[in-house]
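Chains F and L supply the protein sequences, listed in that same order.
Take the first sequence: its position 97, counted from the start at 1, is 524 in the numbering used here, and no numbers get skipped.
Take the second sequence: its position 102, counted from the start at 1, is 139 in the numbering used here, and no numbers get skipped.
From the three backbone atoms N, C-alpha and C, an ideal C-beta is built for every residue, glycine too.
Since the model is a prediction, treat every value here as computed from it, not as a measurement.
Remarks on the structure that follows.
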Amino acid sequence: MDDLIPLLPKLWQASYETLYIVGLSLIFGGLGGLLLGLGLYTTRSNSLFSNRPVFGVLNVLVNVFRPIPFIIFLAAAQPLARFVTGTGIGNTAIIFTLSLAAAFGISRIVEQNLLTVQPGVIEAARSVGASRSRIMLTLLIPEALGPLILGYTFIVVALVDMSAVAGYVGGGGLGTFAIQYGYRQFHPVVTWAAVLVIIVIVQLVQFLGNYLARKALRR
Amino acid sequence: MPLISLRDVTKSYPPSRRGGDVVHAVDGLTLDIEAGDIYGIIGYSGAGKSTLVRLINALEHATSGSILVDGDEVTRMKERELRRLRLGIGMIFQQFNLFTSKTVAGNVAYPLEVAKTPRRDIAPRVAELLDFVGLSDKARNYPEQLSGGQKQRVGIARALATSPRILLADEATSALDPETTHEVLELLKRVNTEFGVTIVVITHEMDVIQTLATKVAVMDGGRIVEQGDVFDVFSKPTEASSQRFVSTVVRGVPSATELTALRQRHPGRIVTLSFRDGNTSQGAVFSDLARAGVAFDLIYGGINDIRGRVFGHLTLALTGDADAVDRALATIATKVDATEAPSHG
Ligand SMILES: Nc1ncnc2c1ncn2[C@@H]1O[C@H](COP(=O)(O)OP(=O)(O)O)[C@@H](O)[C@H]1O
Ligand SMILES: [Mg+2]
C-alpha cells in the first residue's frame, strides 16, 4: 500500500489518459468504421449501391488489415502516423493508429449488424419512393441501432485493451503506468491498482452500453 | 387506355451457380390492367408473380419489353423519376415489412416525409389513415406489439399515405389466419370502392381471388396462361396449365387416383356433372334421376360461389336397372355437362 499512495496522482493522470485515448479513438475509429461498414454493406450484391469492384476492394482491405496484431500494426503504421499527425510517438500517434485499426475492426461489426435488418424493410422504404441515401441514414441505422450499440460497446472494451500498449511508442495511460511503476519497480500492488481501474472502466462502459441497447430494443 | 400495361416483358436473372441456367422469372408477358380493377394474379409458387408486381413499381428492372403506368414508360425512367412513380404506387407485403424502429404513426408518416409533405399536414393525415384502418388507438405502439392482422392494416395505411392510384399486394394475407384474412380482404375492398384505388393482388389462395378480385390472370412459367373474368376462368379454364392450377384450388373433378379409390368403395357407374350458373339447377337433375328410378350417391365434388355466381362439379355413383341408368343419363346430358368416368377393365 505504501508503494501505491505516493503514486495515486500518477494513477489518476494515467486513467485520464486512457479515457482520452479511448474516447478520441472511439470517435475517429467509430466514424471511420461506420463509413467503412456502410460501404461494405451497401456495395454488396443486391444491396442499395451494389458495386462489385468497390465491394471487392473494401473487402480485401478489411481482410488484410483487421487481423494484424495491434502491437505490430503500431510499429508498421508509425511512418503513416508521422506523416498524418506530424509525430510518430506519444498519445497523438497512438490515437491515430488505434483509430485506424479500430475502423477496420468496427467495419465488420457494423456490416454484420446491418445485415440483420430484414431486406423487406428496405424494400418497403424503396416502394414508397425513398432515395437510397435517405434509406441509409433514416432507416438502416435506426433499424439496426440496438445491435450496433452492443457492437460499439464491445469495441470500447477492445480499445481499452489495445490502448494498454501505448507505452511502446511513448504514449501514456494505464498500461504504461502499470508497466512503468508496477512491473518494472516490482510493485504488484501498483500493477493491480491499474488493473482495478481498468475493470471499473470496462464495467461502466458495458453497463452503459447494455442500458442504451435495451432502450433501443425496447426490452 | 389501361392504367397498367405490360408488353412482351421479360425479366431474367443470371444463373445462381456457374454453368447453371439463366432464370426467366417473367418470360414475354403481356397484360393490361384497367383503372378501378381489383386484378388477381394467381399461380404456383415460382411462377413469377412477385417478380411481375415488382416490375410495376420498378423495384426490379425489366430485361426487355415495355411497362406503361398511367401512360409513362417505366423502363426508361431515371432514379429520380422512379421515386416519383413509387409515390403513386403503394405496396403491401406478406411479411408486412413494417419499420421496427418506428411507431405505428411513424410507419404511416414515413412515406409522407419522403414526399416532403409539410410537417403540420402529416399528423392529421396519419390520424385519418389510422382511423380508416381502425387503429387510431395504436398510434404510439411499436409493430412488435401488434397482431398479424393489425400489422397488415398498418401496412395498408402506410401504403395509402401518399394517396396512390395503384396498390400492389404481394401475398398480403398469406401469413394470416382465415378470419384475419377476411378482415384484411374487406379492408382492401373498401380501399377500392371508397378511394378508387386500382389493386393488383398476388396470391396462391383461391379464397382471396374469390372474395376480392374482379379479374384474374393465371400465371405459369413467367407467362399469363389464361386471363379474364374470375367466374369464367375458374368455372371453365381452357388452357391445360390453368386447368391444372384451378383443379388444385377448386375441389371439382376427381383425379385418376382418386377415381380408382372411389371405384373400390362405390358400385355402379360414376358420372361427373358440371354446373355453371345460367344452366340447369341441381334440383332438376336430381329429380330426373329419381323419376327414372335410378339411385345415386354423391361421392365427390364441391360448389363454389364467386360474387353470387355459382359453379361446381358433383360426382355421382349411379345404381339401378341398366336401361334406366342409360335413359336417365341421356336426359341429364341435355341439361348439364355430364362426363362418365370410363369403367375399369
Ligand atoms: N433475385 C433473384 N435472383 C435470382 N432468381 C430469382 C430472383 N427472384 C426470383 N427469382 C426466381 O424467379 C422465379 C420466380 O420467382 P417469384 O417471382 O418470386 O415467383 P412467385 O412469386 O410466383 O413465387 C423463381 O424461379 C425464382 O427462383
Ligand atoms: Mg412470391
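Checklist entry - Going by beta carbon distance, what residues of the same chain come within less than 8 Å of residue 232 (chain L), once the five residues before and after it are set aside? => result Taking the first residue of the second sequence as position 1, residue 232 (chain L) is located at position 195. Excluding sequence neighbours, residue 232 (chain L) sits near 197 and 200.
Checklist entry - residue 168 (chain L) to residue 94 (chain L), Cα distance in whole Å? => result On the second sequence, position 131 is the one that residue 168 (chain L) refers to. On the second sequence, position 57 is the one that residue 94 (chain L) refers to. For residue 168 (chain L) and residue 94 (chain L), the distance between alpha carbons rounds to 27 Å.
Item to check | For residue 516 (chain F), the three-state DSSP class (helix, strand or coil) | outcome: Stepping through the first sequence from its first residue, residue 516 (chain F) is reached at position 89. If DSSP states are grouped into helix, strand and coil, residue 516 (chain F) belongs with coil.
Checklist entry - chain F partners of residue 132 (chain L), CB-CB under 7 Å? => result On the second sequence, position 95 is the one that residue 132 (chain L) refers to. Those are 547, listed as they occur along chain F.
Next on the checklist: Just to be sure I understand the criterion: a residue counts if its Cβ is closer than 5 Å to at least one heavy atom of ligand 1. Which residues meet that?
Outcome noted: L:50, L:60, L:62, L:82, L:83, L:84, L:85, L:86, L:87 and L:88
Item to check | Per-residue burial, residue 510 (chain F) [other beta carbons within 10 Å of its own, 16 or more giving buried] | outcome: In the first sequence, the residue the question calls residue 510 (chain F) occupies position 83. By the 10 Å Cβ count, residue 510 (chain F) comes out exposed.
Checklist entry - Going by the C-beta, is residue 208 (chain L) closer than 7 Å to any heavy atom of ligand 2? => result As a working note, residue 208 (chain L) is residue 171 in the second sequence. Result yes, Cβ under 7 Å from ligand 2.
Checklist entry - Roughly how many whole angstroms lie between the Cα atoms of residue 126 (chain L) and residue 44 (chain L)? => result Here residue 126 (chain L) refers to the residue found at position 89 when the second sequence is read from its first residue. Here residue 44 (chain L) refers to the residue found at position 7 when the second sequence is read from its first residue. Whole-angstrom Cα-Cα distance: 19 Å.
Next on the checklist: I'd like to know if residue 641 (chain F) contacts chain L, where contact means its C-beta is closer than 8 Å to some C-beta of that chain.
Outcome noted: As a first step, residue 641 (chain F) must be located in the first sequence, where it is residue number 214. Chain L, which has no Cβ nearer than 8 Å to the Cβ of residue 641 (chain F), makes this no.
Next on the checklist: Please classify residue 646 (chain F) as buried or exposed, where buried requires at least 16 neighbouring CB atoms within 10 angstroms.
Outcome noted: Start at 1 with the first residue of the first sequence, and residue 646 (chain F) comes out as number 219. Residue 646 (chain F) should be labelled exposed.
Checklist entry - Going by beta carbon distance, what residues of the same chain come within less than 7 Å of residue 597 (chain F), once the five residues before and after it are set aside? => result Here residue 597 (chain F) corresponds to residue number 170 of the first sequence, with the count starting at 1. Result list for residue 597 (chain F): 516 and 517, in chain order.
Next on the checklist: Using the three-state DSSP reduction, which class does residue 251 (chain L) fall into: helix, strand or coil?
Outcome noted: Position 214 of the second sequence, counted from the start, is the residue given in the question as residue 251 (chain L). The answer is coil: DSSP assigns residue 251 (chain L) none of H, G, I, E or B.
Item to check | 8 Å Cβ cutoff met for residue 643 (chain F) and residue 576 (chain F) | outcome: Walking along the first sequence from the start, residue 643 (chain F) turns up at place 216. Walking along the first sequence from the start, residue 576 (chain F) turns up at place 149. In contact: residue 643 (chain F) and residue 576 (chain F) (Cβ atoms closer than 8 Å).
Checklist entry - Can you round the beta-carbon distance between residue 556 (chain F) and residue 151 (chain L) to whole angstroms, since I take them to be within the 8 Å contact cut? => result The sequence position of residue 556 (chain F) within the first sequence is 129, counting from 1. The sequence position of residue 151 (chain L) within the second sequence is 114, counting from 1. That belief holds up - the Cβ atoms of residue 556 (chain F) and residue 151 (chain L) are roughly 5 Å apart, short of 8 Å.
Item to check | Beta-carbon gap between residue 289 (chain L) and residue 350 (chain L) smaller than 8 Å | outcome: Translated into the one-based positions of the second sequence, residue 289 (chain L) becomes position 252. Translated into the one-based positions of the second sequence, residue 350 (chain L) becomes position 313. Yes, these two residues count as a Cβ contact at 8 Å.
Item to check | Whether residue 60 (chain L) touches residue 104 (chain L) by CB criterion (8 Å) | outcome: Within the second sequence, residue 60 (chain L) is the residue found at index 23, counting from 1. Within the second sequence, residue 104 (chain L) is the residue found at index 67, counting from 1. Cβ atoms of residue 60 (chain L) and residue 104 (chain L): not closer than 8 Å.
Checklist entry - Beta-carbon of residue 537 (chain F) versus every beta-carbon of chain L: anything under 8 Å? => result Sequence index remark: in the first sequence, residue 537 (chain F) carries index 110 (1-based). So no, residue 537 (chain F) is outside the interface.
Next on the checklist: With a threshold of 8 Å on Cβ separation, who are the neighbours of residue 69 (chain L) within its own chain once the five nearest residues in sequence on each side are excluded?
Outcome noted: Here residue 69 (chain L) is taken as the residue at index 32 of the second sequence, counted from 1. Closer than 8 Å at Cβ, skipping near neighbours: 39, 41, 42 and 43.
Checklist entry - When the Cα of residue 580 (chain F) is compared with those of F:605, F:634 and F:604, which residue comes out closest? => result Along the first sequence, one-based indexing puts residue 580 (chain F) at 153. Of the candidates F:605, F:634 and F:604, the one whose C-alpha sits nearest the C-alpha of residue 580 (chain F) is F:634.
Item to check | Uninterrupted alpha helix (DSSP H) stretches inside the segment 74 to 120 of chain L (no shorter than 4 residues) | outcome: 86 to 93
Next on the checklist: Is the beta carbon of residue 90 (chain L) closer than 8 Å to that of residue 207 (chain L)?
Outcome noted: Stepping through the second sequence from its first residue, residue 207 (chain L) is reached at position 170. Stepping through the second sequence from its first residue, residue 90 (chain L) is reached at position 53. A contact, by the Cβ cut-off of 8 Å.
Item to check | Neighbour list for residue 645 (chain F) in chain L, Cβ cutoff strictly below 7 Å | outcome: On the first sequence, position 218 is the one that residue 645 (chain F) refers to. Result: 179.
Item to check | Contacts of residue 572 (chain F) in chain B (Cβ-Cβ under 8 Å) | outcome: Reference to chain B is not applicable here, since the protein chains of this structure are F and L.
Next on the checklist: So residue 554 (chain F) contacts chain L; which residues on that side make the cut at Cβ distance below 7 Å?
Outcome noted: Residue mapping note: residue 554 (chain F) aligns to position 127 of the first sequence, counting from 1. Those are 94, 96, 123 and 128, listed as they occur along chain L.
Item to check | Pair within 8 Å by beta-carbon distance, residue 591 (chain F) and residue 600 (chain F) | outcome: Looking up residue 591 (chain F) in the first sequence gives position 164. Looking up residue 600 (chain F) in the first sequence gives position 173. Yes, the Cβ-Cβ distance between residue 591 (chain F) and residue 600 (chain F) is below 8 Å.
Item to check | When L:230, L:360 and L:279 are compared against residue 243 (chain L), the one with the closest alpha-carbon | outcome: The residue you call residue 243 (chain L) lines up with position 206 of the second sequence. Nearest C-alpha to residue 243 (chain L): L:279.
Checklist entry - Distance, Cα to Cα, residue 570 (chain F) vs residue 335 (chain L)? => result Residue numbering aside, residue 570 (chain F) sits at position 143 when the first sequence is read from its first letter. Residue numbering aside, residue 335 (chain L) sits at position 298 when the second sequence is read from its first letter. Their backbone Cα atoms lie some 57 Å apart in a straight line.
Checklist entry - Relative to chain F, which residues along the segment 159 to 183 of chain L have a C-beta separation below 7 Å, given in chain order? => result 179
Item to check | Test item: CB-CB of residue 195 (chain L) and residue 145 (chain L) under 8 Å | outcome: If you number the second sequence from 1, residue 195 (chain L) lands on position 158. If you number the second sequence from 1, residue 145 (chain L) lands on position 108. Their beta carbons are under 8 Å apart, which means residue 195 (chain L) touches residue 145 (chain L) by this criterion.
Checklist entry - What's the call for residue 82 (chain L), buried or exposed, on a 16-neighbour Cβ count within 10 Å? => result Start at 1 with the first residue of the second sequence, and residue 82 (chain L) comes out as number 45. It counts as exposed.
Next on the checklist: With H, G and I counted as helix, E and B as strand and the rest as coil, what does DSSP make of residue 322 (chain L)?
Outcome noted: To locate residue 322 (chain L), count along the second sequence from 1; it is residue 285. It is helical.
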